[in-house]
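Novice: Chains as they are written, first to last, in our numbering: chain S, 600 to 908; chain P, 6 to 366. Each residue gets a CB set at the ideal place from its N, CA and C atoms; glycine is no exception. Before we start, here is the structure in question, set down as structure tokens.
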Amino acid sequence: MLVYLRKRILSSALPLVAVIVGVFALARLTGNPANLYLPLNATDQMRADFTARHGLDQPLLTQMADYFGGVLRLDFGESLRTGESAAAMALRAFPATLQLAATTMVLAIVLAVIVGCWAALKPNGIADRISSFVSMAAASIPDFWLAIVGIWIFAITLGWLPTSGVGGASAWVLPIATLLLRPFGVLVQIVRGAMVSALSEPYIKLARSKGAGDVRVVTHHALRNAAAPALTVAGDLTVGLVNGAVVVETIFGWPGIGKLMIDSILQRDFAVLQAAVLLTAIAIFVLNILIDLGYALLDARVRPATVKA
Amino acid sequence: MSALTQASPAAAGQTGTTVLKVEGLTVDLRTSRGTVRAVDNVGFEARAGETLALLGESGCGKSMTAKAVAGLLDPIADVTGGEIVLNGTDLAALSPRQRRKFAGPELGIVFQDALTALNPVYPVGTQLGEAFRIHHKLSAKQARAKAIELMKRVGIPEPESRVSAYPHQFSGGMRQRILIAMAVALNPRLLIADEPTTALDVTVQAQIMALLRSLREESDMAVVLITHDLAVVAEEADTVAIMYAGNVVETGRVADVFSNPRHPYTKGLLESVPVNAERGGELNSIPGSPPELHNIPPGCVYQSRCPMVQEICRAQRPELLPINDDGGSAGSHSTRPATATALPVTVRAAACHFSEELDND
């Protein structure tokens, strides 16, 4: 287990470095922050002072070396805007995104398993057709469009839900509904497909030969076999949520990591942007380890040899 | 192991009493080319303590017959006629829910490929104990103890530790033993073995057949053995029903049928066994291949390959009728029922217009 973890951590170090380098370089393409933070009539001297104070006058490679030096000491720099530690800002925003993503994924998985199993019991039956249509539609509606239509109908026209912000359960409804649809639609199709194939396996006949009924056959015998492909896709979708909350968080004013990223790009707040991206990358890396552990938990055949009975 | 056999006193039957009686069983398949008949008016009888072999080539309907008896047909297949009487109850007339009560306690089935038949994600102990959990409502712990007993009964070494192992951690022969243990867990009166040794090495095959035989003797089960292997039938079975294109073409005691076949198909099968084959010489075989299911001719099912085919064979399907057994060394069978359906397989019967004219010298 520890050997496995160490291997995973080492093998993910390089991608993390690549992510930082990429973000570091791309962020600086947006222009000099001095133009944004100093008044329009600022003198050249003021601009030069600002740039020098934040080390932006150094060659890019030097800046990058400084930054990596800082990262190794867990110093991720300060926000240009507020002077606050970039790491602290990213860590403060992250739980909001995590809550949103976790709630959405749990709901999406539970609903998709129910609908997917229901559809798989009778392939091409009426339930299957309905669920296929609904899930296809759910998977293909763009989230920004859905968010705006949702706000227009439920917040503005009907006045049932707040347009944006946090606080109270009602504030969660629109963001979650918007985020939920795509993972739900995709997962229904995956679960349905995996269940149809699992239910046609010989071990289902063996279970029936022991007197197992429909419910036991589905929940006990087929579902666990169908879980592996669903887990893979659910993992990808969760990564997408952690990242893709950018759009939804911006539209609904949700104070998460996505909104922080957009804000820091617009403000050319490089240190904060880098910290936010790095944190997201680490979260995705942890998620992938969890998915691998999930496989091993579900199916003894993919467990490392040392755990074998 | 005796604890398990004693567990169901009600199941004690007399050797030779009829456990399963199938009459006029017909199974239709819904395919993209229309409905086809996979099993046509099949009848046979399995008796306590005896083994009945259903013998035939791939696609002859023997497996489909077994699945119909076990109630495990695929959704595209329907039993459209006939009776499946198990210990006095017609299974074909029951709802799926009622039928589940028989699956395990009354009827066990051993599948062909143990690797795919076992659920890969559960330890074998869980799967062995499942029947007890479903039918006897045992706790997980009690079921595990039963699983260990079962593993001992079928000769799996170190059952206490192996009970937590997964199917892929066993050899093919051990997996097949586990499948057999599952089928006999609740001491069923009837055991269907659907090509139980096809996927195994020859030496392991012999061990598995010996295990099935000893289990049969131990609890006086009736065994229906589905196979395409003539040697297995000769060694293991008491009676045989030979199937061709969904029909039973000949039945009887194995010794009688093999020594004196009364149907040209049986004769062809027996002659294709290379007993006295010469090196470099041609092996005997039946020319042609069985008809496809959607293309079965109206007359005799064997007409296209039969060396004796006559006009009447194309016009009229021969019924499975009792025949005079003049050539066999086995004893005479006094009872000769008048009806054609569901002859006890101990009675020599063949579905051929010219079975009396078959030359077996």
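Quick check on DSSP: helix, strand or coil for A899(S)?
Specialist: Taking the first residue of the first sequence as position 1, residue 899(S) is located at position 300. Three-state result, A899(S): helix.
Novice: Under 8 Å between C-beta atoms, does A12(P) make it to chain S?
Specialist: Position 7 of the second sequence, counting from 1, holds the residue named residue 12(P). At A12(P), the pLDDT of 39 sits below 50, so the modelled position is not reliable; the number obtained from the coordinates is stated separately. No, A12(P) lies away from the interface with chain S (no Cβ there is under 8 Å from its Cβ).
Novice: For T40(P), would you say it is in contact with chain S, using Cβ-to-Cβ distances shorter than 8 Å as the test?
Specialist: Position 35 of the second sequence, counted from the first residue, corresponds to residue 40(P). False, the Cβ-Cβ gap to chain S never drops below 8 Å.
Novice: The beta strand (DSSP E) that contains M248(P), what's its start and end?
Specialist: Translated into positions along the second sequence, residue 248(P) becomes position 243. Element bounds for M248(P): T244 to Y249.
Novice: Less than 6 Å between C-beta atoms, sequence neighbours within five positions excluded: which residues of the same chain meet that for R138(P)?
Specialist: On the second sequence, position 133 is the one that residue 138(P) refers to. A148.
Novice: In chain order, what residues of the same chain lie with their CB nearer than 8 Å to the CB of C65(P), ignoring the 5 residues before and after it?
Specialist: Locating residue 65(P) in the second sequence gives position 60, where the first residue counts as 1. Within the same chain, C65(P) has close Cβ partners M248, Y249, A250, G251 and P295.
Novice: Do you know offhand how far T818(S)'s Cα is from L628(S)'s?
Specialist: The residue labelled residue 818(S) in the question sits at position 219 within the first sequence. The residue labelled residue 628(S) in the question sits at position 29 within the first sequence. Approximately 53 Å between the Cα atoms of the pair.
Novice: Would you call the CB atoms of R267(P) and A188(P) closer than 8 Å?
Specialist: The residue labelled residue 267(P) in the question sits at position 262 within the second sequence. The residue labelled residue 188(P) in the question sits at position 183 within the second sequence. No, the pair does not count as a contact, with Cβ atoms beyond the cut-off.
Novice: Does chain S have any CB closer than 8 Å to the CB of F116(P)?
Specialist: Counting from 1 along the second sequence, the entry for residue 116(P) is found at position 111. For F116(P), the answer is yes, since a Cβ of chain S falls inside 8 Å of its Cβ.
Novice: Using a Cβ cut-off of 8 Å, which residues of the region 801 to 820 of chain S contact any Cβ in chain P, in chain order?
Specialist: The region 801 to 820 of chain S vs chain P, Cβ under 8 Å: P801, Y802, K804, L805, A806, R807, S808, K809, G810, A811, G812, R815 and H820.
Novice: Around the Cβ of T756(S), are there at least 16 other Cβ atoms within 10 angstroms (buried) or fewer (exposed)?
Specialist: In the first sequence, the residue the question calls residue 756(S) occupies position 157. T756(S) comes out exposed.
Novice: Assign A826(S) to one of two classes, buried (16 or more other C-beta atoms within 10 Å of its C-beta) or exposed (fewer than that).
Specialist: On the first sequence, residue 826(S) is found 227 positions in, with the first residue counted as 1. Its Cβ being crowded by 16 or more others within 10 Å, A826(S) is buried.
Novice: Out of curiosity, what's the CA-to-CA distance linking Q239(P) and S37(P)?
Specialist: The residue labelled residue 239(P) in the question sits at position 234 within the second sequence. The residue labelled residue 37(P) in the question sits at position 32 within the second sequence. Reading off the sequence shown, one finds Ala at residue 239(P), where the question assumed Gln. Cα to Cα, the separation comes out at about 39 Å.
Novice: Ends of the beta strand (DSSP E) at L690(S)?
Specialist: In the first sequence, the residue the question calls residue 690(S) occupies position 91. Note, L690(S): premise wrong, no beta strand (DSSP E); alpha helix (DSSP H) at A685 to L720.
Novice: Would you say K146(P) lies against chain S (beta-carbon separation less than 8 Å)?
Specialist: Working through the second sequence from its first residue, we reach residue 146(P) at position 141. Not closer than 8 Å to any Cβ of chain S, the Cβ of K146(P) fails to qualify, so no.
Novice: Are any of the Cβ atoms in chain S nearer than 8 Å to that of G251(P)?
Specialist: Indexing the second sequence from 1 puts residue 251(P) at position 246. No, its Cβ sits nowhere closer than 8 Å to a Cβ of chain S.
Novice: What three-state label does DSSP hand T22(P) in the structure shown?
Specialist: For this step, residue 22(P) is matched to residue 17 along the second sequence. T22(P): coil per DSSP, three-state reduction.
Novice: Suppose contacts are defined by Cβ-Cβ distances below 8 Å. Is L897(S) in contact with T837(S) by that definition?
Specialist: Start at 1 with the first residue of the first sequence, and residue 897(S) comes out as number 298. Start at 1 with the first residue of the first sequence, and residue 837(S) comes out as number 238. The answer is no: Cβ separation not under 8 Å.
Novice: Could you check how far apart the C-beta atoms of G76(P) and L57(P) are, in whole angstroms? I think they sit under 8 Å.
Specialist: Within the second sequence, residue 76(P) is the residue found at index 71, counting from 1. Within the second sequence, residue 57(P) is the residue found at index 52, counting from 1. That belief does not hold up - the Cβ atoms of G76(P) and L57(P) are roughly 19 Å apart, past 8 Å.
Novice: Examine the ligand ATP and report whether any of its heavy atoms sits within less than 7 Å of the Cβ of V871(S).
Specialist: The ligand content of the structure shown is nil, which means the ligand ATP is not present either.
Novice: Tell me, to the nearest whole angstrom, how far the beta carbon of A738(S) is from that of I789(S); I am working on the premise that it is less than 8 Å.
Specialist: For the purposes of this step, residue 738(S) is identified with residue 139 of the first sequence, where counting begins at 1. For the purposes of this step, residue 789(S) is identified with residue 190 of the first sequence, where counting begins at 1. Between I789(S) and A738(S) the Cβ distance is about 10 Å, and since that is not below 8 Å, they are no contact.
Novice: For L9(P), would you say it is in contact with chain S, using Cβ-to-Cβ distances shorter than 8 Å as the test?
Specialist: Counting from 1 along the second sequence, the entry for residue 9(P) is found at position 4. Note on L9(P): pLDDT 41, under 50, position unreliable in the model; no value is reported.
Novice: Please list, in chain order, the chain P residues whose beta carbon lies closer than 8 Å to that of N723(S).
Specialist: The residue you call residue 723(S) lines up with position 124 of the first sequence. The premise fails here: N723(S) is roughly 11 Å from chain P at the closest Cβ pair, so nothing lies under 8 Å.
Novice: Which residue or residues does DSSP assign as beta-bridge partners of A355(P)?
Specialist: Here residue 355(P) refers to the residue found at position 350 of the second sequence. Paired residues: E255(P) and L326(P).
Novice: Where does T762(S) sit, in a helix, a strand or coil, going by DSSP?
Specialist: Against the first sequence, residue 762(S) aligns to sequence position 163. Coil, per DSSP.
Novice: Taking only the alpha-carbon atoms, compute the straight-line gap between G48(P) and E163(P) and give it to the nearest angstrom.
Specialist: Working through the second sequence from its first residue, we reach residue 48(P) at position 43. Working through the second sequence from its first residue, we reach residue 163(P) at position 158. Going from the Cα of G48(P) to the Cα of E163(P) covers about 43 Å.
Novice: Please identify the residue among Y307(P), A242(P) and G113(P) whose C-alpha is closest to the C-alpha of E297(P).
Specialist: Position 292 of the second sequence, counting from 1, holds the residue named residue 297(P). Of the listed residues, the one whose Cα sits closest to E297(P) is Y307(P).
Novice: Using the Cα positions of G254(P) and V168(P), report the straight-line distance between them to the nearest angstrom.
Specialist: Reading the second sequence from its first residue, position 249 is the one you call residue 254(P). Reading the second sequence from its first residue, position 163 is the one you call residue 168(P). Sequence inspection shows Val at residue 254(P); the Gly mentioned does not correspond to that position. Their Cα atoms are separated by approximately 44 Å.
Novice: Quick check on F107(P): does DSSP put it in helix, strand or coil?
Specialist: As a working mapping, residue 107(P) is identified with position 102 in the second sequence. In the structure shown, F107(P) sits in coil (DSSP, three-state: anything other than H, G, I, E or B).
Novice: Can you list the beta strand (DSSP E) stretches of 3 or more residues lying completely in the region 174 to 258 of chain P, in chain order?
Specialist: With a minimum length of 3 residues, the continuous beta strand (DSSP E) runs that stay inside the region 174 to 258 of chain P are 195 to 199, 227 to 232, 244 to 249 and 252 to 258.
Novice: Could you check where the alpha helix (DSSP H) with R284(P) kicks off and where it finishes?
Specialist: Along the second sequence, read from residue 1 onward, the residue named residue 284(P) stands at position 279. Element bounds for R284(P): n/a, residue is neither H nor E.
Novice: Say whether chain S places a C-beta atom closer than 8 Å to the C-beta of I139(P).
Specialist: Looking up residue 139(P) in the second sequence gives position 134. Output row for I139(P): interface = yes.
Novice: Of all the residues that make up the region 892 to 903 of chain S, which are near chain P by a beta-carbon distance shorter than 8 Å?
Specialist: Per Cβ criterion, the list reads L897, D898, A899 and R900.
Novice: Are the beta-carbon atoms of E361(P) and I317(P) separated by less than 8 Å?
Specialist: Translated into the one-based positions of the second sequence, residue 361(P) becomes position 356. Translated into the one-based positions of the second sequence, residue 317(P) becomes position 312. No, the pair does not count as a contact, with Cβ atoms beyond the cut-off.
Novice: How would you list, in chain order, the residues of chain P whose beta-carbon sits under 9 Å from the beta-carbon of N634(S)?
Specialist: For the purposes of this step, residue 634(S) is taken as the residue at position 35 of the first sequence. Simply none; closest approach about 60 Å.
Novice: For A126(P), would you say it is in contact with chain S, using Cβ-to-Cβ distances shorter than 8 Å as the test?
Specialist: The residue labelled residue 126(P) in the question sits at position 121 within the second sequence. Contrary to the premise, residue 126(P) reads as Val rather than Ala in this sequence. Chain S, which has a Cβ nearer than 8 Å to the Cβ of V126(P), makes this yes.
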